[in-house]
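Structure, as structure tokens:
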Amino acid sequence: MTRELKFKNPSFSERIKGMLGVDFYRLFHTPMFYIFLAIAAIIPAMVSAMTTMPGPDGSASTPLYSNLWQIIAASKSLYVIEGIADYANMNMVFIFGGIMVSIFIGHDYKSGYVKQLFTTHAKKQDYMISKTLVCAFAMACMCVTYLIGGIVGGMFAGYDATVNVGSLVIAVLGKMVMSLGWASLYTFLNVIFRRYFGISVASSFFFGTGILIIGAAAIVEGLGLPTGFLNVFLYGASVNANLSSGIGSLLICIVVSVAWAFIYNVAGTRLLNKSDVY
Amino acid sequence: MNAVEIKKLSKNFGPKQAVCGLNMTVPMGAIYGFIGENGSGKSTTEKMICGLIPTSGGSIKLYGKDYTDEAVRAKVGVLIESPGCFPGLTVWDNMMLEAANLSVPNAEQEVVNVLKMVRMEGAAGNKYKNCSLGMKQRVGIAMALLGNPTLLVLDEPLNGLDADGMRIMREVFLDIIKDGTRSIIVSSHLLGELQKVATHYGIIRHGKMLVEMTADELDASCRTYVALQSGEMNRTKMLLGCKYSRVEEDEAGYIRVYDLTTPEDIVKYLYDNGIIVTEIKTDKIGLEEYYIDLMKGGR
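Protein chains in written order, with the numbering used here: chain Y, 10 to 287; chain L, 3 to 301.
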């Protein structure tokens with residue numbers, strides 16, 4: 010006796026729910042996520058504590074920051090860094106985040122799990138969207154632990170905590186929003202270099218440092234041209250979320266982050282559709 | 003309607019043509035033994051059926067729909083090369099991940115069911131990396147069975163399985179196809195095992211389908227032979243070689259006569275030449291010998 014076969018077309022929401030379920034399950038069931046959360050908390054605490062410790066000969070050290078909240082964001086938009094304090098803030102999450110995304114996506118290929126993902130109803134587009142969202146969530150969580158670590162470290166170091174609360178909130182929210190754009194960039198890079206884990210990590214690190222935008226800004230400033238257009242790039246918009254930001258900066262972060270996420274997702278989907286996945 | 007219908011399929015990797023103009027038909031309710039040498043294009047074909055690699059030409063239809071159709075894809079269970087599992091996670095976690103991926107309703111119960119089917123329910127808490135090769139294969143098959151698939155594509159699923167594991171897999175395969183709509187494509191080098199379950203065969207070489215046939219057609223085309231033993235094997239072989247065109251000694255120590263003849267004729271002929279036959283039987287060559295013959299160009 011034979012039965013009739015019926016095939017139900019899974020909706021986008023069903024497909025993405027399945028893929029997100031996989032990625033969140035993995036995120037929460039592997040130690041990597043928690044290790045990176047801890048790293049994001051420890052680094053600002055250590056940087057602020059170590060830079061205020063006296064030297065071995067008992068000489069007083071020069072504090073790295075002038076204000077506790079500079080651990081979280083720069084005091085103003087500085088595309089070309091003038092000192093380490095302009096650079097060593099929550100933007101560093103996007104560097105560690107790149108490494109985390111490389112490990113997270115790299116494991117899909119290393120373990121062969123990607124075979125399971127792509128042999129089912131899932132589309133390549135679903136894969137890109139899901140990875141981007143889950144990695145953005147993970148990086149946003151790292152921003153939170155970075156904030157906590159920075160506050161604790163800064164308080165122990167005795168930094169002045171005076172701040173414009175509104176700008177601080179906008180800066181933190183702006184950087185959390187930027188996690189989406191950065192996660193999409195790293196997902197795209199990891200799709201390109203999916204067979205070469207080392208290159209994936211190195212490329213994520215390279216782009217995460219923002220060195221291309223810092224270099225471009227140096228040239229633009231050298232030519233005496235306005236640098237505002239750099240805000241259309243991920244690093245530029247991330248720098249633009251700082252302690253003197255207004256609501257406009259947050260809007261820029263939202264628009265830039267979403268726009269790049271869209272671009273990288275479309276590009277990544279096209280690449281996956283045309284290439285041998287495994 | 004066939005479960006799988008492939009026409010003029012081709013796949014190039016740069017200048018190398020891995021699959022060229024392959025035609026393949028897997029009827030509904032079939033266990034399709036997909037056979038070929040290493041590098042013949044089996045895995046490449048299976049990867050294309052599963053959507054892991056794009057085709058360079060030709061068409062693949064699954065249940066009458068294009069192979070990229072998500073509705074059909076949702077009902078394809080796959081084990082290609084080795085199970086895609088995270089080594090640091092437990093068997094249970096890996097199964098739950100796949101259940102989430104497939105949006106399986108009542109996932110926990112379904113995972114328990116498929117683990118029971120492959121007799122792995124007792125090892126659900128083991129980390130995948132600590133499982134033996136055979137256990138890993140069973141996990142892979144359990145993953146492929148999740149979500150009640152209509153088509154199973156299994157690449158070397160019998161590798162690493164012990165005798166009991168192979169028996170269990172045979173039972174599972176036969177259970178799957180019993181309603182006549184679900185189909186299984188199995189590639190394996192263990193041809194003896196494959197012959198116990200396969201209802202159809204496809205033999206591929208250099209990316210082309212050499213022959214497709216049902217198990218009955220294979221049975222009909224497998225030559226019969228007379229196998230015998232005597233007290234003087236060397237002389238027996240020499241004498242038989244004088245009268246019959248194809249006489250060979252097999253690994254078990256029997257002399258085989260492939261010509262159309264009867265055991266009675268052979269016994270009489272040898273008796274007339276002073277040789278007593280101690281054992282004689284008629285048999286058919288199996289899939290393995292048929293395949294080797296085919297590869298040698300004997301057919």
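No residue lacks a Cβ here, since even glycine has one placed at the ideal position from N, Cα and C. Being a predicted model, the structure only gives us computed values, none of them experimental.
- Nearest to V228 (chain L) by alpha-carbon distance, out of L:D261, L:A254, L:A217, L:M50, is L:D261.
- With a threshold of 16 other beta carbon atoms within 10 Å, A165 (chain L) falls short and is exposed.
- Taking a cut-off of 8 Å on C-beta distances, the region 237-253 of chain Y does not touch the region 144-162 of chain Y, as fewer than three cross pairs fall below it.
- F16 (chain Y) and V80 (chain L) have their alpha carbons spaced roughly 17 Å apart.
- The continuous stretches of beta strand (DSSP E) do not include Y118 (chain Y), which lies in the alpha helix (DSSP H) extending over residues 101-119.
- Of the residues assessed, F105 (chain Y) falls on the buried side of the cut-off, its CB having 16 or more other CB atoms within 10 angstroms.
- Not one beta carbon of chain L lies nearer than 7 Å to the beta carbon of T141 (chain Y).
- The C-beta of C52 (chain L) comes closer than 7 Å to at least one C-beta of chain Y.
- When 8 Å is used as the limit between beta carbons, Y65 (chain L) is near these residues of chain Y: L14, F16, in chain order.
- Close to L280 (chain Y), with beta-carbon spacing below 7 Å, lies no residue of chain L; the smallest spacing is near 12 Å.
- Taking 4 residues as the minimum length, the alpha helix (DSSP H) runs contained wholly in the region 155-213 of chain Y are 174-201, in order along the chain.
- Around the beta carbon of S188 (chain Y), a 10 Å sphere encloses 16 or more other beta carbons of the protein chains shown; the residue is thus reported as buried.
- When 7 Å is used as the limit between beta carbons, Y136 (chain Y) is near no residue of chain L, the shortest such separation being about 11 Å.
- Across the set L:S12, L:I33, L:G16, L:C22, the C-alpha of L:I33 shows the shortest separation from the C-alpha of N4 (chain L).
- Neighbours of D95 (chain L) in chain Y, taken as residues at a C-beta separation under 8 Å, are given in chain order as Y34, H38.
- Note that the C-beta distance between I287 (chain L) and C224 (chain L) is below 7 Å.
- About 7 Å separates the beta carbons of N103 (chain L) and M28 (chain Y), which is inside the 8 Å limit, making them a contact pair.
- In summary, I220 (chain Y) is exposed, with fewer than 16 beta-carbon neighbours lying within 10 Å of its beta-carbon over all protein chains present.
- Judged by DSSP secondary structure, C133 (chain L) falls outside any beta strand (DSSP E); it is assigned neither H nor E.
- Under the Cβ criterion (8 Å, minimum of three pairs), the region 74-91 of chain L does not count as touching the region 113-126 of chain L.
- Along the region 102-135 of chain L, the positions whose C-beta sits under 7 Å from a C-beta of chain Y are A102, N103, L104, S105, read in chain order.
- For E39 (chain L), no alpha helix (DSSP H) segment is defined, and its DSSP state is neither H nor E.
- Only residues of its own chain outside the window of five on either side were considered, and among them V123, K124 have a CB closer than 6 Å to the CB of Y287 (chain Y), listed in chain order.
- The region 208-220 of chain L and the region 42-55 of chain L touch, with no fewer than 3 CB-CB distances between them shorter than 8 Å.
- Residue-level contact check: K119 (chain Y) does not touch chain L, since none of the beta carbons of chain L fall below 7 Å from its beta carbon.
- For the set L:V120, L:R169, L:I187, the Cα lying nearest the Cα of Q139 (chain L) is the one of L:V120.
- In the DSSP annotation of this structure, Q79 (chain Y) is not part of any beta strand (DSSP E), being labelled neither H nor E.
- When C-beta distances to chain Y are compared with 8 Å, the residues of the region 69-95 of chain L below that value are D71, E72, A73, V74, R75, A76, K77, V78, V80, I82, E83, S84, P85, G86, C87, F88, P89, G90, L91, D95, in chain order.
- Burial check for Q134 (chain Y): the Cβ neighbour count within 10 Å reaches 16 or more, so the residue is buried.
- Chain order gives no chain Y residues near L220 (chain L), where near means a beta carbon separation below 8 Å; the closest approach is about 24 Å.
- Look at P29 (chain L) here: in three-state DSSP terms it is strand.
- For G30 (chain Y), the chain L residues whose C-beta falls within less than 7 Å of its own C-beta are A102, listed in chain order.
- Within the same chain, I90 come within 6 Å of Y96 (chain Y) by CB-CB distance, once the 5 residues on both sides are set aside.
- Residue Y:A54 holds the alpha-carbon nearest to the alpha-carbon of V161 (chain Y) among Y:A54, Y:D32, Y:A94.
- Per DSSP, reduced to three states, the secondary structure at Y69 (chain L) is coil, with no helix or strand assignment.
- Shown here, H38 (chain Y) sits in a helix according to DSSP, grouped into three states.
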